[in-house]
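Scroll down for the structure; my scribbles are underneath it.
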Amino acid sequence: MTSPRGEVLQGTLGLIMLKTLDAMGPLHGYGIAQRVQQASEDLLKLNQGTLYPALLRREQRGWISSKWGVLDNNRKAKYYSLTRGGRKQLTSEAESWERMAAVIAKLLGAEGA
Amino acid sequence: MDRLHVFAARLLGLFRKRRIDENLDAELRTHLELLTDENIRRGMKPEEARYAARREFGGVEQAKELYRDQRGLPALDMLLQDLKFALRGLMNKPGFAIVAILTLALGIGATTAVFSVVDRILFRSLPYPEDDRLVSFGVMAPFDSREFMLGPDFVDWRPRQHPFEAITAVEPGSVDCDLTEQNPSRLSCGQADAAFLPTFRVQPILGRNFTHEEDLPNGPRVVLLSYGFWRSRFAEDPRIVGKSLSVDGKSTFIVGVLPADFEMPTLARTDLLVPLAMGESTDRGPDARQHIVRTFGRLKPGVNPTQAAAMLQQLFEESLNYVPAQFRKEVSLRVRSLRDRQVGDSRQASWILLGAVMGVLLVACTNVANLLVARATVRQRELAVRAALGATRARLIRQTLTESVLLSVLGGFAGCWVSYLLLRLLVSIAPDGIPHLQQASLDVRVGFFTLGVSLLSGICFGLAPAIHRMPSELLAGKEFRCTSRYFLRQTLVTTQIAASLILLAGAGLLLRSFWKLQNVSLGMHTDSIITAEINLAEYRYSQPAQQFAFFRDLQSRLARLPGVSSLALSDTLPPSGGMQATFLSAIEIAGRTGFTAGTGGMIGYRYVTPSYFSVLGIALESGRAFAEKELLTTDEPIILSEALAKRLFGDGDPIGKSFRFGRQNRWRTIVGVVGDVKNDGLTTAGGPEFYLPWKEEQDGYYRRAYVILRTPVNPQAIAKWVRSEVASIDPTMPVTIEAMSQRVEKLADRPRFNAILLSLFAAMGMALAAIGIYGVVGFLVAQQTREIGVRMALGATPQGILKMVLSNVARWTVGGAILGSIGAWFCTRLLESLLFEVRTHDPVLLCSAVLLLLAAAFLAAWIPARRAMRIDPMVALRYE
Chain P
458 MTSPRGEVLQ GTLGLIMLKT LDAMGPLHGY GIAQRVQQAS EDLLKLNQGT
508 LYPALLRREQ RGWISSKWGV LDNNRKAKYY SLTRGGRKQL TSEAESWERM
558 AAVIAKLLGA EGA
Chain G
6 MDRLHVFAAR LLGLFRKRRI DENLDAELRT HLELLTDENI RRGMKPEEAR
56 YAARREFGGV EQAKELYRDQ RGLPALDMLL QDLKFALRGL MNKPGFAIVA
106 ILTLALGIGA TTAVFSVVDR ILFRSLPYPE DDRLVSFGVM APFDSREFML
156 GPDFVDWRPR QHPFEAITAV EPGSVDCDLT EQNPSRLSCG QADAAFLPTF
206 RVQPILGRNF THEEDLPNGP RVVLLSYGFW RSRFAEDPRI VGKSLSVDGK
256 STFIVGVLPA DFEMPTLART DLLVPLAMGE STDRGPDARQ HIVRTFGRLK
306 PGVNPTQAAA MLQQLFEESL NYVPAQFRKE VSLRVRSLRD RQVGDSRQAS
356 WILLGAVMGV LLVACTNVAN LLVARATVRQ RELAVRAALG ATRARLIRQT
406 LTESVLLSVL GGFAGCWVSY LLLRLLVSIA PDGIPHLQQA SLDVRVGFFT
456 LGVSLLSGIC FGLAPAIHRM PSELLAGKEF RCTSRYFLRQ TLVTTQIAAS
506 LILLAGAGLL LRSFWKLQNV SLGMHTDSII TAEINLAEYR YSQPAQQFAF
556 FRDLQSRLAR LPGVSSLALS DTLPPSGGMQ ATFLSAIEIA GRTGFTAGTG
606 GMIGYRYVTP SYFSVLGIAL ESGRAFAEKE LLTTDEPIIL SEALAKRLFG
656 DGDPIGKSFR FGRQNRWRTI VGVVGDVKND GLTTAGGPEF YLPWKEEQDG
706 YYRRAYVILR TPVNPQAIAK WVRSEVASID PTMPVTIEAM SQRVEKLADR
756 PRFNAILLSL FAAMGMALAA IGIYGVVGFL VAQQTREIGV RMALGATPQG
806 ILKMVLSNVA RWTVGGAILG SIGAWFCTRL LESLLFEVRT HDPVLLCSAV
856 LLLLAAAFLA AWIPARRAMR IDPMVALRYE
């Protein structure tokens, strides 16, 4: 198993996925996984298989939509993109994350002082 | 909204499983290939690159599993899977499935049929809005078994009462009325005041209610049609209102049509509803015509019947002042819910039948539980393997429950057929007077009940084997005798025996009581007696002389018929009640005063022709019967029944004494005393009565009479001749012909009905219990084959083996019999009101029931036990 540091914190994967789709536009599963790892400078060690159920869950909620496309050498791939609802969700999730982070930072800062 | 969205998406996912799976496969494949390509680009060898890609990706199957859980509805998915599995299991063992389903079908079917009958009596709301606020109120007096009011009291109470929003008065029973136009026919007319429909909140579907003016004496003649009559007579003519109809020879204006589900609160048949027209008179003088009415009220919200009675007490006491002083103690006020009034004594019988059929259902369920436990024992290894492969305990319980519920639902479906047949049987043997029986049917409500019962029983009997913990050693593959499971099965059998015994004891009591009823002495002979009831139409025979002449004519015509050995006429017939009656205190004997302080109860009387006693074979105790010539003179003879003679004269001789009763001023001479007959049903001791001669009198009332014929000829033939004789006098006259024995039998209809049903249920319970014992013993013998083989190899005799098996059965059965006897001791008490001359605690009967049950149990055990006796030790030991 991967080290604890590499585990994606419960609940953050969704936010990261939405943010990635927001930043990069339509992507397939592989693309999302690569992008997440690049962006986190390989700090976040993603279990890539878990990406798909997570994507499905968000699709069922109507936050992302998917469309089949074809890659360069005739491979089929599903492209995911953010919907309008997803964008709203991203904003609210990001806000609550920042609030949380701010609280934690304050807590840690206070303890450090 | 969001959740609904997800649910819809998941539900959709359920139906496109394969496509989604294929898509996911393609997606994952692409992902892995892209990863591999990337790795190759980084300089790995293809083989190595593929492994690295897999490593990076994580578990492919886990990802798919997670995806699948997210895709559909896992619970539903699992259920479908369990169902499929359960169905396959049942198909594999059709014998087991058929026995279980048939058992359940019997239990559930019987329960459903009984429920569909008692539902209308006990639970279903009456066809009036807010029916729980409707009550029947009035006074109780010795001469009527139901509460009633006198017209003037009602008129007096109406503006002064407080507990009710509205009150209404209705004629007791329906009156015969005749449709006198093309295709004349005899109808039933209900009579009610103008407040009736508003009080019950019944809205005519066409037209309107009576107005206040139409409800006054001698008001305009108006009528509301019942739905059934509107349909059969006028083919639902929507413009019927405003037309007129000739009723009893008078033109009557149709003002409206009643709804299809309308019924009178008295449950009397009603083709037409006409105004009661009682008027506003509160005159209670001796000459005033005092209407007797049934009165109903709609309680104000929050008032219950007890409170209402308290609120009416003041008015009741005022009315009591008008009651002759000696009666006052015997008159009381009564307010009860409409349902109580309608259901009356059917309520208890209904609960008892429902309880009994629940007992049958219990036995059926324990039987199936037993079968399932047996199956579970066989499937121990399979379940152990599933547990070892990771199935949780909850998952296994769910699987087992799915199976049992599937069984019970299938049983419920089969039970619908059983209940359909049973209901037809019930309706065909049911006595008159079970409220709403004709409407009893298998409708949606009953369907839901069946479904509920099926599910519930499925869960109950499924839980027994399901919660059973299986020992982990099972995986070792050894057959394993699980003692707690053995104990469970014993308990189930014991329960069955106990429940069956209670049913059997109850059925025994009812049968015995019914048998006594059949052999009750009526005080008369009913064999080869035919009776013809004739009601003269008011509009054609309004004068007593006309009425009398009709019956005289008929009498002489019938006497000439071949095959009629003798005949008599009377205004009422024993043993059913309905005769005219007077208070004992209203009877006077010349030269003596005061027999009784109060009313003394009711004394019935009837008008009979001289041959009445000889035709019915009623014994003449002393004096003589009426003489034909007395009918033509002004003599006033009277005959007493033995009980009345004893009451009035003790041991003295009544013959020749003068007798006067009621408001009649004439003195009559007692000429004879005759034996007592049952004159108020079969279960009561015959009440005292006296007989008056059927002779022409100025103020006589001869509209209704029974012709009593004694004939050695086939009753069918006589019936035809009687009809044609009646028709030759008046072709429109309806006549009801019945054998006397039939009339008597009808009175025993209700006890017979109860006895048949309870016996049927007891027989079902016992048969099911016997099947249960057979199954358990057979299974135990199969399980113990090796043990028995060893015992026999070591020298046990077949008789010894038989004793071993049977002693086991004896333990459970005797245990069940003891429990059942205790239960029966308590339960049969509930039957008390249904029994006739039988004590509820009858040790002989209980012992016979126990013996019968034990015999059945041993018979059921005998067959498999004999198999045990014949086990060949060599074969048995090689068995494993």
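So the sequences go chain by chain: P and G. Residue numbers for the first sequence follow the working numbering, so the first one is 458 and each next one is one higher. Residue numbers for the second sequence follow the working numbering, so the first one is 6 and each next one is one higher. Heads up, the beta-carbon is just placed ideally off N, CA and C, and yes, glycines get one too. Just so we're clear, the structure is a prediction, and the values are computed from it rather than from any experiment.
(request) Would you mind sorting Phe-466 of chain G into buried or exposed? The rule is 16 or more other CB atoms within 10 Å of its CB. (result) That one is buried.
(request) Would you kindly work out how many angstroms separate the C-alpha atoms of Ser-553 of chain P and Arg-492 of chain P, rounded to a whole number? (result) Rounded to whole angstroms, Ser-553 of chain P to Arg-492 of chain P spans 23 Å at the Cα level.
(request) Select from G:Pro-209, G:Ala-374, G:Ile-297, G:Ala-146 the residue whose C-alpha is nearest the C-alpha of Ile-778 of chain G. (result) Ranking the options by Cα distance to Ile-778 of chain G, first place goes to G:Ala-374.
(message) Can you give me the C-alpha to C-alpha distance between Ser-130 of chain G and Leu-155 of chain G, rounded to a whole angstrom?
(response) For Ser-130 of chain G and Leu-155 of chain G, the gap between their C-alpha atoms comes out near 29 Å.
(message) Could you check whether Glu-842 of chain G and Gln-634 of chain G sit closer than 8 Å to each other, using their CB atoms as the reference points?
(response) Here residue 634 of chain G turns out to be Lys, not Gln, going by the sequence shown. In this structure, the beta-carbon distance from Lys-634 of chain G to Glu-842 of chain G does not fall below 8 Å.
(request) Output yes if chain G places a C-beta closer than 8 Å to the C-beta of Gln-495 of chain P; else output no. (result) Output row for Gln-495 of chain P: interface = no.
(message) Going by the DSSP bridge assignment, what does Trp-525 of chain P pair with across the sheet?
(response) For Trp-525 of chain P, which the question treats as bridged, DSSP gives the partners P:Lys-535.
(message) Using a Cβ distance threshold of 8 Å, determine whether the segment 507-517 of chain G contacts the segment 821-841 of chain G, with at least three qualifying pairs required.
(response) In the pairwise beta carbon analysis, the segment 507-517 of chain G is classified as touching the segment 821-841 of chain G: at least three pairs are separated by under 8 Å.
(request) Inspect the beta-carbon positions of Leu-864 of chain G and Leu-514 of chain G and report whether they are closer than 8 Å. (result) Not a contact, by the Cβ cut-off of 8 Å.
(request) Per DSSP, which residues does Ile-594 of chain G bridge with? Please list them. (result) Ile-594 of chain G is bridged to G:Arg-597, G:Phe-664.
(message) According to DSSP, simplified to helix, strand and coil, what is Met-269 of chain G?
(response) Here Met-269 of chain G sits in coil by DSSP.
(request) Report buried or exposed for Asn-759 of chain G, applying the criterion of at least 16 other Cβ atoms within 10 angstroms of its Cβ. (result) Burial call: buried.
(request) In the DSSP assignment, find the alpha helix (DSSP H) that holds Asn-44 of chain G and state where it starts and stops. (result) 22-46 is the span of the alpha helix (DSSP H), which, as asked, contains Asn-44 of chain G.
(request) Identify, in the order they occur along the chain, each residue of the same chain with its Cβ nearer than 7 Å to the Cβ of Arg-494 of chain G, setting aside the five sequence neighbours on each side. (result) These residues qualify, in order along the chain: Asn-375, Val-378, Val-781.
(request) Would you check if the segment 638-649 of chain G and the segment 683-699 of chain G touch, i.e. whether three or more CB-CB distances between them fall below 8 Å? (result) The segment 683-699 of chain G is in contact with the segment 638-649 of chain G.
(request) Grab the span of the beta strand (DSSP E) containing Thr-674 of chain G for me, first residue to last. (result) Counting along the chain, the beta strand (DSSP E) containing Thr-674 of chain G begins and ends at 673-679.
(request) Out of G:Leu-835, G:Val-227, G:Leu-84, G:Met-316, point me to the one whose CA is closest to Leu-277 of chain G's CA. (result) The shortest Cα separation from Leu-277 of chain G among G:Leu-835, G:Val-227, G:Leu-84, G:Met-316 belongs to G:Val-227.
(request) Could you please give me the residues that DSSP links to Tyr-509 of chain P through a beta bridge? (result) Note: Tyr-509 of chain P sits in no beta bridge, so no partner.
(message) Using a Cβ-Cβ distance cut-off of 8 Å, determine whether Tyr-509 of chain P contacts chain G.
(response) Cβ-Cβ to chain G under 8 Å: yes for Tyr-509 of chain P.
(request) Check whether the segment 52-63 of chain G touches the segment 504-512 of chain P, counting contact only when three or more Cβ pairs, one atom from each stretch, lie closer than 8 Å. (result) Yes: the two stretches touch, three or more of their Cβ pairs being nearer than 8 Å.
(request) Determine, using beta carbons only, whether Leu-71 of chain G comes closer than 8 Å to chain P. (result) Taking a beta-carbon distance threshold of 8 Å, Leu-71 of chain G counts as an interface residue toward chain P.
(message) Within a Cβ cutoff of 7 Å, which residues of the same chain sit near Leu-29 of chain G, ignoring the five residues on either side of it in sequence?
(response) Counting only Cβ-Cβ distances below 7 Å, and skipping sequence neighbours, we find Lys-69, Tyr-72.
(message) At the level of alpha carbons, what is the spacing between Thr-41 of chain G and Lys-50 of chain G?
(response) Lys-50 of chain G has its alpha-carbon roughly 10 Å from the corresponding atom of Thr-41 of chain G.
(message) So Leu-478 of chain P contacts chain G; which residues on that side make the cut at Cβ distance below 9 Å?
(response) Annotation: Leu-478 of chain P has no Cβ neighbours in chain G at a cutoff of 9 Å; minimum Cβ distance is about 16 Å.
(message) Using a Cβ-Cβ distance cut-off of 8 Å, determine whether Thr-35 of chain G contacts chain P.
(response) With 8 Å as the cut-off, Thr-35 of chain G counts as an interface residue toward chain P.
(request) Take the Cβ of Tyr-56 of chain G as the centre, count every other Cβ of all protein chains shown within 10 Å, and call the residue buried at 16 or more, exposed below. (result) Burial call: exposed.
(request) Please name the residue or residues paired with Gly-302 of chain G in a DSSP beta bridge. (result) BP columns for Gly-302 of chain G point to G:Val-140, G:Ile-172.
(request) Would you list the one or two residues that DSSP bridges to Pro-642 of chain G? (result) Bridge partners of Pro-642 of chain G according to DSSP: G:Thr-674.
(message) Closest to Gly-482 of chain P by C-alpha separation, out of P:Gln-495, P:Leu-539, P:Leu-565, would be which residue?
(response) That would be P:Leu-539, whose Cα lies nearest to the Cα of Gly-482 of chain P.
(request) Please state if the CB of His-36 of chain G and the CB of Gly-526 of chain P are separated by a distance shorter than 8 Å. (result) Here Gly-526 of chain P is not near His-36 of chain G, since their CB atoms are 8 Å or more apart.
(request) Tell me, to the nearest whole angstrom, how far the beta carbon of Val-160 of chain G is from that of Ser-286 of chain G; I am working on the premise that it is less than 8 Å. (result) With 8 Å as the limit, Val-160 of chain G and Ser-286 of chain G qualify as a contact, their Cβ atoms being about 7 Å apart.
(message) Rounded to the nearest angstrom, what separates Arg-834 of chain G and Gly-360 of chain G at their Cα positions?
(response) Near 13 Å, if we compare the C-alpha coordinates of Gly-360 of chain G and Arg-834 of chain G.
(request) Helix, strand or coil for Ile-487 of chain P, going by three-state DSSP, please let me know. (result) In the sequence as displayed, the identity of residue 487 of chain P is Tyr instead of Ile. The answer is helix: DSSP assigns Tyr-487 of chain P an H, G or I state.
(message) Can you confirm whether Phe-62 of chain G, when its beta carbon is compared against all beta carbons of chain P, has any partner nearer than 8 Å?
(response) Phe-62 of chain G counts as touching chain P.
(message) Please give me, in chain order, every unbroken run of the beta strand (DSSP E) with length at least 3 that falls completely inside the segment 75-116 of chain G.
(response) Considered as a whole, the segment 75-116 of chain G harbours no complete run of any beta strand (DSSP E) with no fewer than 3 residues.
(request) Determine the direct distance from the alpha carbon of Thr-116 of chain G to that of Phe-886 of chain G, and round the result to whole angstroms. (result) Since the displayed chain G opens at 6 and closes at 885, residue 886 of chain G lies outside it and no answer follows.
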